[in-house]
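My numbering puts the first residue of the sequence shown at 6, with every later residue one more than the last.
Below is one structure, written out as structure tokens; the observations come after it.
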Amino acid sequence: MTRPAAIVVALAFGSLLAVAAHADQYRSEQRIVEQAPAQQKPEDPQKLLQITTDPYAKALLLRDLAAQAVQKHDYQQAAQYLEQALGQHALSGPAAAQMRNDLSQLYMSSGDVQKMVPQLEAQVKSGQASPQALAALGAAYVNQKRYADAANLLQKAGADKPGADPGWRRALAAAYIGSGRDREALPLLEQLLKQDPSHREDWMRLAAVQLKADRRDDAAVTMELANRLGFLKSADEQLKLVTLTAQIGAPFEAGSLLKSLIERKAVADNTANRKLLAQLWLAAREDSLALPALQAVVGQSPSVALYQQIAQLQMDRDDYAAAAAALQQVIKLGKPDGKTWLALGFAQYQQADVEAALQSFQSAQKLADTREAASKWVQYLESGRAREQALSAAADRAHRAQQDVQLSDRFDGSVALASGGTSSAVAAGASGQLTPIGADAAGNAAGTIPAWTGGLQHAQWPKSFRAGQRLADPYPDDKPLFVITRANLAQYRPYLSRGHLELFAKYPDYRMPVYRTRRSVAYPQAIYDASQANIGHAKLTGSDELTGAHLGVPFPKPQSGVEIMWNHRTRFRGNSLVTQSTQAIVQPSGSVPEMLKQTERVLFRYANTQDPIDLTHDNTLLYYLTWFGKTRNDIDFVALVHETANSVKQPRNIWVIPPGIPKMFRIPPVGYDQPFPGSGGLMFIDMLDMYNGAFDRYVWKLAGKRELYIPYNSYRLSDGRYSYSQLLTPKFFNPEGTRYELHRVWVIEATERGGTHHAFGKRTFYVDEDSWNVVLVENEDHQGNLWRFQEGHLLPDYAAQTANCAPVVTYDFKDGRYFVNRLLGQDPPAEVDVPMRKSDFMPSAVRARYGRF
């Protein structure tokens, strides 16, 4: 049934049905007819209208006339009749509401609303226009691109109020977008999708607005959800999703999506798409995938640039025969430059084809830009040693290639992976007696690091502390011993990380207040006992396969970098934990566009003193549930994670409930360099808790121990004395409330493993010896430049006998922004050892509880 036809039915029968259902609504229903009247010929409603004086009867006649007008497709006349009927003010509330709904449908759906604009404008000018008329005129103005006028009318109609008609909201969102008021359009579109996610255009508009606001990660999520709901039907829309995914820093995922689309014939298998696929694989540093994509493109549309790209990739892979073949194609396609001849000569020489290499270098020698370099090669190749050395080098490469294959295998043991430098590093960190979890118990020779005496004990707790409240500062009388500034930096440089040195270099007014060292971390006795019992029993059969460990620190006497990272990953954080914290992106100017609240509920299964798991029977390290919102009570996005101890056997399981969608989706295991929600791309998922997730993308080298100034005992940042606005200052986190102390840290260097991909080429982790918390991380790009620096302010919880970093500051040295999460000072105190059940973290339970926010 078409909409005009539906209106006919509504006008002809809808109000009559309402009359029958509500006997007290119309006075006509109270009249008693003593006998059935004789059947008469129906009178003309127009004539009856002229002689009728009763307002109620007039309203019914006008309704009938409107129905006749709709049947004749005279929608303008039908609307006039309904307006006159409502103008009688004789109908009861429900009946009038039904008629106004009919009028609204007539305005919005007839397709003739533009013809009715003069009449609607007259009503508005008279001040007698109904909300339906205001909304209809607003919608007409949207079609006429009079967006500012449209927004004004739709607001007057109440389109931005709770419970407003979705069609009105949709028109108002379009008016906002058209008039450049994108920020106001965003919540409207989000409300529309929360109310009814079945409208494809709402998804497209929301993604477009998010893109315009430079919220590429949000736009990518929106497009992905639209795709899952079946709304991305055209090839252009599918390709837009691919592009968005790449723009938020996930080229590997974008390439995987595009490859799938090509294979399913959802997008054309043409040169442009194959070239895009190759570019995505290159951006993801997946050379083995980029090569076949480039070869497919060059097969369809050969070009010098493509062959040069293929040659370079093959050279990087030491496949010199394939590189030479590609370079020969470059020469065939056009006049080669000297660099092409040089590269070809080098590739031929690496295959011990000295004669062919000599000819190529002689060709390069004839060209001015490469004459000098080529001449040296020619001189060398004409000597008697060239062939022998070329053959020797080729054999050497083959041997190294075999070793590289073994070392890059994911299933190698962690000790082998860290063999470079392990023994010397451990020797540098050993000083005799150790604490129960493996720290050096003694102080340092200078006396600036004291001996460990058991951490902060109950008798030393601050008297002002009360259970369930914020942690009070146990050292309220401590004052800075000194403040490091750029002026005295040279004196303290040996005790500063590269990340802190970069902050001093970048910001002349940066400073670090240094306090007396307090070794305050203490863990429960059960953790101490279990940690000692793990010595000689805990093992790694691969970097991501922990076995033989129970409850405590797996490796109190670590022999490799990855063992130390496992100590961080499995450290005691309470049996369960509930926290609510705040996160914010701070622009270089100091502006904070938006703060988000994050709630986390965690049931720890490995380091659980009440009910620890046996890894031989249970592979679950922890259950993790989190959600985000703009306020404390908002729930805009929910994620459920089951983290595993052996990710080779079973990767982490993840389910999400996206914004506005009352459905739970199971998604592939995410982590690594995928963006963390609400971080503006400044933080990746594997940066949460300083580092989390699998270890397979890096080779972990234990570089030794250092004495370093690190953020420690951060009680003043979390006890409520500072507001978030005071802490989030321009350029860098406000040093006023920070506390730095000299502590010993393990230094772990993680370099990207061959055949894997990550946005960070190298990462250096600094791990506190007393707590096994990662406290600093230096993240480099693939050119070796320091890109992002994570600074975790260690907060020992003396009441729960745990230690975690809060807040955590992530600096981006390329764009000048910084991101702060786990701000606690203005949020409710964390709760430790809250009663929880495994069943609370099952997908069905989470979906039932949070699937209707």
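We put the CB at the ideal spot given by N, CA and C, even for glycine.
Put simply, the region 491-507 does not touch the region 720-734. Fewer than three CB pairs are less than 8 Å apart.
Here HIS762 is not bridged, per DSSP, to any residue. Close CB contacts of ASP483 within its chain, under the 7 Å cut and outside five residues either way in sequence, are with TYR520, ARG521 (chain order). Within the model, the alpha-carbon separation for LYS337 versus THR546 is close to 52 Å. Look at VAL583 here: in three-state DSSP terms it is strand.
In the DSSP assignment, ILE569 falls within the alpha helix (DSSP H) that extends over 566-574.
Inter-residue distance for ARG744 and ARG721 is about 8 Å (C-alpha atoms, whole angstroms). For ASP694 and LEU800, the gap between their C-alpha atoms comes out near 13 Å. By the neighbour-count definition (other C-beta atoms within 10 Å, threshold 16), ALA156 is a buried residue. For ASN449, the secondary structure class from DSSP, reduced to helix, strand or coil, is coil. By a beta-carbon distance limit of 8 Å, ARG610 contacts LEU627. Their separation comes to about 6 Å.
Bounds of the alpha helix (DSSP H) holding ASN278 are 276-288. Listed in chain order, the non-local C-beta contacts of LEU645 below 6 Å within the same chain comprise LEU630, TRP660, VAL851, local neighbours out to five positions each way being set aside. Within the same chain, MET228 come within 7 Å of LYS245 by CB-CB distance, once the 5 residues on both sides are set aside.
Contact between the region 190-199 and the region 210-227 is present: three or more C-beta pairs spanning the two stretches fall below 8 Å.
Here PRO740 is actually not in contact with SER594; their C-beta atoms are around 18 Å apart, not less than 8 Å. The beta carbon of SER368 is closer than 6 Å to those of TRP346 in its chain, skipping five residues each way along the sequence.
Nearest neighbour of GLY759 by Cα position, chosen from ARG290, GLU605, GLU836, turns out to be ARG290. Note on geometry: alpha-carbon atoms of ILE489 and ALA811 lie some 22 Å from one another. Only exposed fits HIS542, as fewer than 16 other CB atoms lie within 10 angstroms of its CB. In its chain, beyond the 5 residues on either side, SER548, ASP549, VAL567, MET570 have a beta carbon closer than 7 Å to the beta carbon of PHE700.
At a Cβ-Cβ threshold of 8 Å, TYR703 and ARG768 count as neighbours.
Taking PHE670 as reference, the option from TYR823, THR761, TYR855 with the minimal CA-CA separation is TYR855. Judged by DSSP in its simplified three-state form, TRP705 adopts strand.
Taking the Cα positions, GLY172 is about 43 Å away from GLY830. In this structure, the CA atom of SER844 is about 17 Å from the CA atom of PRO617. With a cutoff of 8 Å on beta-carbon distance, SER719 and PHE824 are scored as not near each other.
The continuous alpha helix (DSSP H) containing PHE509 extends over residues 503-511. Listed in chain order, the non-local C-beta contacts of ARG516 below 7 Å within the same chain comprise VAL488, ILE489, THR490, PRO740, local neighbours out to five positions each way being set aside. Taking C-beta separations shorter than 6 Å and ignoring five residues to either side along the sequence, the partners of PRO529 in its chain run THR614, GLN806, following chain order. Here ILE182 is buried. Its C-beta has 16 or more other C-beta atoms within 10 Å. Not a single unbroken stretch of the alpha helix (DSSP H) spanning 4 or more residues falls wholly within the region 447-485.
One alpha carbon belongs to VAL335, the other to GLN317, and they sit about 12 Å apart.
Between the alpha carbons of ALA134 and ALA141 lies a distance of about 10 Å. Boundaries for ALA352: no beta strand (DSSP E) harbours it, while the alpha helix (DSSP H) harbouring it runs 343-355, taken from the DSSP string.
Looking from the CA of LEU287, the closest CA among ASP838, TYR533, GLU258, PRO680 belongs to GLU258.
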